[in-house]
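Q: Have a look at this one.
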Amino acid sequence: MKRTRIAHALTLPAPASGLLLKGWIRTVRNGKNVSFINLNDGSNMSGIQVVVPGELDGIEAVRKLTTGSAIEVVGDLVESQGKGQSVEVQATKVTTVGRANEDYPLQKKGASFEFLRSIAHLRNRSNTFGAVFRVRSKLAQSIHAFFSDRGFVYVHSPIITASDTEGAGEMFRVTTLDVGNPPRTDKGEVDWNEDFFGKPAYLTVSGQLNAEAFALGMSDVYTFGPTFRAENSNTTRHASEFWMIEPEMAFCDLSENCDLAEDFVKHLLRTVLDDCQEDLEFFNLRIDKGLLERLTHVVDSPFERMSYREAVKRLKDSGQSFEYPVEFGVNLQAEHERFLTEKLVGRPVFVTDYPKSIKAFYMRRNDDGETVGAVDLLVPAVGELIGGSAREERLDVLEDAIRELNLEPEDYSWYLDTRRFGTAPHAGFGLGFERMVMYATGMQNIRDVIPFPRTPRNCEF
RNA sequence: UCCUCAGUAGCUCAGUUGGUUAGAGCGGGGGACUGUUAAUCCCUAGGUCCGCGGUUCGAGUCCGUGCUGAGGAGCCA
């Protein structure tokens, strides 16, 4: 007999006989004549109710079953006699596969997210985290589907990099040297020539420069993989290891870049609205009351676009007082971004053309000499969701930008090669995957949307 | 990294101006009852009050310090 996943069993027309279900017990209620088991195998939120008649062979073993135990059930799908579910499984055989002892930490009792983080290996068996990780998986699959449909090439950018000049944050060093007793040069400095790669190496903080190289040859590409930041930042929105999506398109300007970003965000949200209904309804009920309304609104609204210059003007004209004043030339604070997208615009907004002084060297310089072709997508309730830009494709301008930062163009030789040999306008953006999962689920802590999160001082599991 | 707050039973929490034997609900064990829905009812076991040091006749409670966690800020994705 072949196993049926519970989500599928629930779609079968009842009555249906001879099903084999396997999963883990969420709750058991034993009566004199009948026992009820809520069985869950991770394929959906609700699980399925298994009804075990009191006269069944082996009923004594069933009565001793505990929350968390793994079992196999053979039975028939029938219309439910009780309230609360339309169908249930009338068991003809129940087999204990793996018993959970009475100290199983996930009892049928509300537990704090903080506690569940301490049992990350078990928390996927809870309602909330089962839903989070189903949605996360669906979003990941949906990302590949979106780009695949548009002819993008999926590029695996390297995890280990030797360039420490990307400037996106503190990097984790990768080394095989004995940290307690490294080889040293005559001057007493650590001799990186002796290290595995013959020079200092790090975990990547971004795949963008690699993606650019592939875009300038394969046209439309994207990366989707893990990224590492050694920042000692302890917030609900930062992790040391997270996933990032970075599309990069040749022969593409800032406006077309925004077009893609808008389609992309809407596609992802529409997918989870369509395919993860039960999970999203749970989030809407238990985690974030406004979730469904907000997501539906975003999917249905055209995104606003305005320049940074205009955004600053509208923020100043709003009369709103901010903890940090708004001025042309300063980065927008979280409070500014939220006010702009939530109050002034009321829907997602692309803010474009930031002062060059607050953006990265590789962003394309505008003709005004003052701004660059950067774009941030701000969304209600979260703030910045996407950051991107048109890339500087002109070799001489790019070299000047590097020198202005007191960096050496020679250190970027392979990157500059792409501008020497058949350069072309191109643009792209980066989206923190976990930010999207948080946005889609209403979860407020990044540690609760990553299966086994890594943050400063936390590398369990 | 900075600021603020917190740490009491397996979990979620209460614990008064410092005062006798630190409590409740859920979960666990035993029983009753029941087509049940986080079932219900009775009985029961279960504690390094985060660690260390101090003040005091007396500390879960006050002070210092360390550890851990959370929220906020900065940085960013």
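If you're matching positions, the first sequence starts at 190 in my numbering and goes up one per residue.
For every residue, glycine included, the Cβ atom is placed at its ideal position computed from N, Cα and C.
(1) Could you please give the first and the last residue of the uninterrupted beta strand (DSSP E) stretch that includes V638?
(2) Measure the C-alpha to C-alpha separation of E512 and R459 and round it to an integer number of angstroms.
(3) Write down the C-beta distance between T416 and M438 rounded to the nearest angstrom, noting that I regard them as a contact closer than 8 Å.
(4) Residue range of the beta strand (DSSP E) that M438 falls in?
(5) By Cβ distance below 8 Å, which residues in the same chain neighbour G535 in space, the five residues on each side in sequence not counted?
(6) Report the start-end ranges of each alpha helix (DSSP H) in the region 575–600 that is 4 residues or longer and not cut off at the edges.
(7) With respect to the beta strand (DSSP E) encompassing R494, which residues constitute its N-terminal and C-terminal limits?
(8) Would a C-beta distance cut-off of 9 Å place G572 and A563 closer than the cut-off?
(9) Please name the residue, chosen from F322, L209, T216, G377, that lies closest to F641 on a Cα-to-Cα basis.
(10) Return the bridge partner residues of Q130 from the DSSP annotation.
(11) Under the three-state reduction of DSSP, which class applies to N647: helix, strand or coil?
(12) Please classify E378: does DSSP put it in a helix, a strand, or coil?
(13) Would you check whether the ligand MG has a heavy atom nearer than 8 Å to the C-beta of S235?
(14) Between the region 313–331 and the region 457–474, can you find at least three pairs of beta-carbon atoms closer than 8 Å?
(15) When you compare the CB positions of A579 and R608, do they come within less than 9 Å of one another, or not?
(16) Using 9 Å as the threshold, is the C-beta distance between L574 and G621 below it?
(17) My assumption, with CB atoms under 8 Å, is that G631 sits in contact with L480. Please give the rounded CB distance.
(18) Quick check on the burial criterion: 16 or more other C-beta atoms within 10 angstroms. Buried or exposed for T193?
(19) What does DSSP give as the partner residue(s) for R218 in the beta ladder?
(20) Using three-state DSSP, classify L254 as helix, strand or coil.
(21) Comparing alpha-carbon positions, which option in D448, F385, E378, G377 lies nearest L366?
(22) For the candidate residues C465, E451, S602, whose alpha-carbon lies nearest to that of V487?
(23) Run through DSSP, which three-state label would H525 get?
(24) What are the boundary residues of the alpha helix (DSSP H) that H345 is part of?
(25) To the nearest angstrom, how far is the alpha carbon of S315 from that of R483?
(26) Spatial neighbours of M274 within its chain, please: CB distance less than 6 Å, with the 5 preceding and 5 following residues excluded, ordered by chain position.
(27) Do S224 and R215 have their CB atoms nearer than 9 Å?
(28) Relative to the alpha-carbon of N233, which residue among F550, C648, I195 has its alpha-carbon at the smallest distance?
(29) So, helix, strand or coil for M552, using DSSP?
(30) For my contact list, R498 and D542 are in at a C-beta cut-off of 8 Å; report their separation, rounded to the angstrom.
(31) Report the partner residues of P544 according to the DSSP bridge assignment.
(32) Rounded to whole angstroms, what is the Cα-Cα separation between V324 and G231?
(33) Quick one: what's got a C-beta closer than 7 Å to E581's C-beta in the same chain, skipping five residues either side?
(34) Assuming V283 contacts V241 under a Cβ cut-off of 8 Å, what Cβ separation, rounded to an integer in Å, is found between them?
(35) Helix, strand or coil: how does DSSP classify V276 here?
(36) P544 to E467, Cα distance in whole Å?
A: According to the data block:
(1) Translated into the one-based positions of the first sequence, residue 638 becomes position 449. Careful: V638 lies outside any beta strand (DSSP E) and carries neither H nor E.
(2) On the first sequence, residue 512 is found 323 positions in, with the first residue counted as 1. On the first sequence, residue 459 is found 270 positions in, with the first residue counted as 1. Rounded to the nearest angstrom, the two C-alpha atoms are 36 Å apart.
(3) Position 227 of the first sequence, counting from 1, holds the residue named residue 416. Position 249 of the first sequence, counting from 1, holds the residue named residue 438. So it is not a contact: roughly 20 Å between Cβ atoms.
(4) Taking the first residue of the first sequence as 1, we reach residue 438 at position 249. For M438, the uninterrupted beta strand (DSSP E) run begins and ends at 430–439, by DSSP.
(5) By 1-based counting over the first sequence, the position of residue 535 is 346. If we look at G535 and ignore the five residues flanking it on each side, its Cβ neighbours are P569.
(6) 584–593
(7) In the first sequence, the residue the question calls residue 494 occupies position 305. Where R494 is concerned, the enclosing beta strand (DSSP E) stretches over 493–496.
(8) The residue you call residue 572 lines up with position 383 of the first sequence. The residue you call residue 563 lines up with position 374 of the first sequence. No, the Cβ-Cβ distance between G572 and A563 is not below 9 Å.
(9) Here residue 641 refers to the residue found at position 452 when the first sequence is read from its first residue. Ranking F322, L209, T216, G377 by Cα distance to F641 puts F322 first.
(10) Since the first residue shown for the chain is 190 and the last is 650, residue 130 is missing from the structure and cannot be characterised.
(11) Stepping through the first sequence from its first residue, residue 647 is reached at position 458. Residue state, collapsed to three classes: strand.
(12) As a position in the first sequence, residue 378 is number 189, starting the count at 1. Note: E378 maps to coil in three-state DSSP.
(13) The model on display carries no ligand, and the ligand MG is accordingly not part of it.
(14) With the cut-off at 8 Å, the region 457–474 and the region 313–331 touch.
(15) Here residue 579 refers to the residue found at position 390 when the first sequence is read from its first residue. Here residue 608 refers to the residue found at position 419 when the first sequence is read from its first residue. Not a contact, by the Cβ cut-off of 9 Å.
(16) Position 385 of the first sequence, counting from 1, holds the residue named residue 574. Position 432 of the first sequence, counting from 1, holds the residue named residue 621. Yes, Cβ-Cβ distance for L574 and G621 is below 9 Å.
(17) On the first sequence, residue 631 is found 442 positions in, with the first residue counted as 1. On the first sequence, residue 480 is found 291 positions in, with the first residue counted as 1. Between G631 and L480 a beta carbon distance of about 4 Å is seen, short of the 8 Å cut, so the two are scored as contacting.
(18) What you label residue 193 is simply residue 4 of the first sequence in a count that begins at 1. It is buried - the Cβ of T193 has at least 16 other Cβ atoms within 10 Å.
(19) For the purposes of this step, residue 218 is taken as residue 29 along the first sequence, with counting starting at 1. Answer is F225, bridged to R218.
(20) Walking along the first sequence from the start, residue 254 turns up at place 65. The answer is coil: DSSP assigns L254 none of H, G, I, E or B.
(21) As a first step, residue 366 must be located in the first sequence, where it is residue number 177. Nearest of D448, F385, E378, G377 to L366, Cα basis: F385.
(22) The residue labelled residue 487 in the question sits at position 298 within the first sequence. When each option's Cα is compared against that of V487, the closest is E451.
(23) On the first sequence, position 336 is the one that residue 525 refers to. Note: H525 maps to helix in three-state DSSP.
(24) Numbered from its first residue, the first sequence carries residue 345 at position 156. Neither: H345 is in no alpha helix (DSSP H) and is coded neither H nor E.
(25) In the first sequence, counting from the first residue as 1, residue 315 sits at position 126. In the first sequence, counting from the first residue as 1, residue 483 sits at position 294. Rounded to the nearest angstrom, the two C-alpha atoms are 25 Å apart.
(26) By 1-based counting over the first sequence, the position of residue 274 is 85. Here residue 274 turns out to be Gln, not Met, going by the sequence shown. So the list reads Q238, once near-sequence residues are dropped.
(27) One-based indexing of the first sequence puts residue 224 at position 35. One-based indexing of the first sequence puts residue 215 at position 26. No, Cβ-Cβ distance for S224 and R215 is not below 9 Å.
(28) Taking the first sequence and counting its residues from 1, one reaches residue 233 at position 44. With distances taken between Cα atoms, N233 lies closest to I195.
(29) For the purposes of this step, residue 552 is identified with residue 363 of the first sequence, where counting begins at 1. Residue state, collapsed to three classes: strand.
(30) As a position in the first sequence, residue 498 is number 309, starting the count at 1. As a position in the first sequence, residue 542 is number 353, starting the count at 1. The pair is a contact, with the Cβ atoms about 7 Å apart (cut-off 8 Å).
(31) Within the first sequence, residue 544 is the residue found at index 355, counting from 1. Answer is T560.
(32) Residue 324 sits at position 135 when you count from the first residue of the first sequence. Residue 231 sits at position 42 when you count from the first residue of the first sequence. Rounded to whole angstroms, V324 to G231 spans 12 Å at the Cα level.
(33) Translated into positions along the first sequence, residue 581 becomes position 392. Only residues of its own chain outside the window of five on either side were considered, and among them Y551, M552, R553, R554, L587, A590 have a CB closer than 7 Å to the CB of E581, listed in chain order.
(34) Stepping through the first sequence from its first residue, residue 283 is reached at position 94. Stepping through the first sequence from its first residue, residue 241 is reached at position 52. That pair is a contact at about 6 Å.
(35) Taking the first sequence and counting its residues from 1, one reaches residue 276 at position 87. Strand at V276.
(36) Counting from one through the first sequence, the residue named residue 544 turns up at place 355. Counting from one through the first sequence, the residue named residue 467 turns up at place 278. Each residue's Cα considered, the two are about 44 Å apart.
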